[in-house]
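Order-wise, the sequence lines are chains A and B.
Heads up, the first sequence is in my numbering, so the first residue is 1 and it goes up one at a time.
Heads up, the second sequence is in my numbering, so the first residue is 112 and it goes up one at a time.
We put the beta carbon where it would ideally sit given N, CA and C, even for glycine.
Everything on this sheet refers to the single structure shown next.
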Amino acid sequence: MFLEACVLATVLCGFFGIIFKKNLVMKIIAMDVMSTGVIAYYVLVAGRDGLFTPILSDRPLTYADPVPQAVILTAIVIGFSIQALMLVGVMKLSRDNPTLESSEIEQNNTP
Amino acid sequence: MRWLYVAAGIALFVKMLLIANPSPDPIQPSIVEAVVQDSGVPNAVSGIIFRNRLYDTIFEVVVFTIAILGCKFLLANEPPSNRIRQFTDQPSIVLARLGATISALVGIELAIRGHLSPGGGFAAGVAGGTAIGLIAITSSSEWMQAIYKRWHAATWEKVSVLIFIVLSVLTLVGLELPHGELGTLFSGGAVPLLNILVAIKVTLGSWAAVLIFIRYRGLL
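Here you go:
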């Protein structure tokens, strides 16, 4: 319960960072915090019935659930590649808008 | 408006904490045993990724490829950075090389034994990418670029993606290699091959990303 509260607090911190921070780099970092929280939540769900690594061994163990782990592995890789792409986009935007404030960028690009 | 968002977030937080999320009773026999029996590899997570969720994994690899290509295309019309910052002192170079050697060995181990022990293709690729990144922060960028060109790394990356897609389509169609003895190095049908292909792909992909960032930003 306490762990779940911590994980959810991380997710919400990231979420509020995405919508309230004006700087684009801060938004990307907040998105990373949020995805870390989501990954931690999946790990928490996977460890609900047992804590041992889901690799078959001879001793009778209570394994963790392998399905959430496999699902979230996808999100880790996709998160990494999306982050690289977003940082490149921010690098390009920073040539014209050095402050990288989202409101400034919107103002500069409204005809 | 801001306070409305915060209130909604806190309400969601309380809702998630207080309302129980029920899980089905443990299935008998356990999921791990069922997956291991179906896929023929002891590591159930590898079994799920490369067999039960293979369709998903194909697109994961495709998205990774497209993201790296996107970085390359977005930066293609930028002028390369004219000042490249890196470590030049001897202790950093020795430590980075030592770390890179260990990281590369770990990467190979994770790739070839990923179906038996914790690990797998993606983790192996990240270890290989770390090794290349450590070398890249201490040696000259022209040299790295020359090695990248000489070994046709970009071509190998695309070839490994194509082989991965063909092999997974064959697996999805229903052609399966013999499983072999459970728990040995050469077992599990296509899973070890897919692991190695993903490891190659992720290593070369992160190498490409590292080179792009160093070239246009002057810094990793």
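*Out of curiosity, what's the CA-to-CA distance linking L35 of chain A and C6 of chain A?*
Strictly speaking, residue 35 of chain A in this sequence is Ser, with Leu absent from that position. When rounded, the separation of the alpha-carbon atoms in S35 of chain A and C6 of chain A is 14 angstroms.
*asked:* Short of 9 angstroms Cβ to Cβ, which residues in the stretch 303-329 of chain B face chain A?
replied: Answer set for the stretch 303-329 of chain B: V313, G316, S317, A320, I323, F324, Y327, R328.
*Would you say G89 of chain A faces chain B, with C-beta separation under 8 angstroms as the test?*
Taking Cβ atoms only, chain B reaches closer than 8 angstroms to G89 of chain A, which makes this a yes.
_In this structure, how does DSSP classify N131 of chain A when only helix, strand and coil are distinguished?_
Outside the shown range of chain A, which is 1 to 111, sits residue 131 of chain A, and nothing can be said about it.
*Specify, as a first and last residue, the run of the alpha helix (DSSP H) that A178 of chain B falls within.*
In the DSSP assignment, A178 of chain B falls within the alpha helix (DSSP H) that extends over 165-185.
*asked:* Any beta carbon of chain A sitting closer than 8 angstroms to that of F124 of chain B?
replied: True, the Cβ-Cβ gap to chain A drops below 8 angstroms.
*For the stretch 221-276 of chain B, list the alpha helix (DSSP H) runs that are entirely contained and at least 4 residues long, ordered along the chain.*
Within the stretch 221-276 of chain B, the complete alpha helix (DSSP H) runs of at least 4 residues are 232-247, 252-261.
_CA nearest to the CA of T10 of chain A, picked from A:V90, A:Y41, A:R59, A:V88_ = Nearest C-alpha to T10 of chain A: A:Y41.
*Ignore the nearest five residues each way along the sequence and tell me which others in E101 of chain A's own chain have a CB closer than 7 angstroms to its CB.*
Contacts found: K22, N23.
*So which of B:R164, B:T241, B:I159, B:A238 has the shortest CA-CA distance to P54 of chain A?*
For P54 of chain A, the closest alpha carbon among the candidates B:R164, B:T241, B:I159, B:A238 is that of B:I159.
_For E101 of chain A, the residue or residues it bridges with in DSSP_ = E101 of chain A is bridged by DSSP to A:N23.
*Beta-carbon of D96 of chain A versus every beta-carbon of chain B: anything under 8 angstroms?*
The beta-carbon of D96 of chain A is placed no less than 8 angstroms from the nearest beta-carbon of chain B.
_Considering only their Cβ atoms, is the gap separating S192 of chain B from G329 of chain B smaller than 8 angstroms?_
Taking 8 angstroms as the cut-off, the beta carbon of G329 of chain B is found closer than this to the beta carbon of S192 of chain B.
*Note down, in chain order, every chain B residue with its Cβ under 7 angstroms from the Cβ of E4 of chain A.*
Per Cβ cutoff of 7 angstroms: L128.
*Which of the three DSSP states, helix, strand or coil, is assigned to N306 of chain B?*
The three-state secondary structure of N306 of chain B, taken from DSSP, is helix.
*Using a beta-carbon distance below 8 angstroms, is F175 of chain B in contact with chain A?*
Closer than 8 angstroms: yes.
*Once you ignore the five residues that flank I223 of chain B on each side, which residues in its own chain have a CB closer than 8 angstroms to its CB?*
Exclusion of the five residues before and after I223 of chain B leaves L296, P303, N306, I307 as the residues of its chain whose Cβ lies within less than 8 angstroms of its Cβ.
*In terms of residue numbering, what span does the alpha helix (DSSP H) encompassing P68 of chain A cover?*
Taken as a continuous stretch (DSSP letters only), the alpha helix (DSSP H) holding P68 of chain A covers 66-96.
*Check whether the Cβ atoms of G240 of chain B and W318 of chain B lie closer than 8 angstroms to each other.*
Going by beta carbons, G240 of chain B and W318 of chain B fall inside the 8 angstroms limit.
*How about V88 of chain A and C182 of chain B: are their beta carbons less than 8 angstroms apart?*
Cβ atoms of V88 of chain A and C182 of chain B: closer than 8 angstroms.
*Chain-ordered residues of the stretch 61-72 of chain A with a beta carbon less than 8 angstroms from chain B*: Contacts with chain B (Cβ-Cβ distance below 8 angstroms) from the stretch 61-72 of chain A involve Y63, D65, P66, V67, Q69, A70, V71, listed in chain order.
*Since D167 of chain B meets chain A, which of its residues come closer than 7 angstroms, beta carbon to beta carbon?*
Within 7 angstroms of the CB of D167 of chain B, the CB atoms of chain A belong to T74, in sequence order along the chain.
*What is the DSSP secondary structure of I55 of chain A, counted as helix, strand or coil?*
The answer is strand: DSSP assigns I55 of chain A an E or B state.
*Would F184 of chain B be called buried (16 or more neighbouring beta carbons within 10 Å of its own) or exposed?*
With fewer than 16 other Cβ atoms within 10 Å, it is exposed.
*Look at the alpha carbon of V143 of chain B and the alpha carbon of R196 of chain B, and state the distance between them as a whole number of angstroms.*
If you take the alpha carbons of V143 of chain B and R196 of chain B, they lie about 48 angstroms apart.
*Using a Cβ cut-off of 8 angstroms, which residues of the stretch 21-43 of chain A contact any Cβ in chain B, in chain order?*
Taking 8 angstroms as the Cβ-Cβ cut-off against chain B, none of the residues of the stretch 21-43 of chain A qualify.
*Excluding sequence positions up to five away, which residues of its chain have a Cβ less than 6 angstroms from the Cβ of M31 of chain A?*
Cβ within range, chain order: I18.
*S150 of chain B: first and last residue of the uninterrupted alpha helix (DSSP H) it sits in*: Unbroken alpha helix (DSSP H) run through S150 of chain B: 142-150.
_Strand pairing of Y63 of chain A, partner residues [DSSP]_ = Note: Y63 of chain A sits in a beta bridge opposite A:F52.
_Using a 10 Å radius around the Cβ and a threshold of 16 neighbouring Cβ atoms, would you call D65 of chain A buried or exposed?_
A residue is called buried when at least 16 other Cβ atoms come within 10 angstroms of its Cβ; D65 of chain A meets this threshold and is buried.
*Going along chain B, which residues have a C-beta under 9 angstroms from I18 of chain A?*
Against chain B, a Cβ distance below 9 angstroms from I18 of chain A picks out nothing, because the smallest value is about 11 angstroms.
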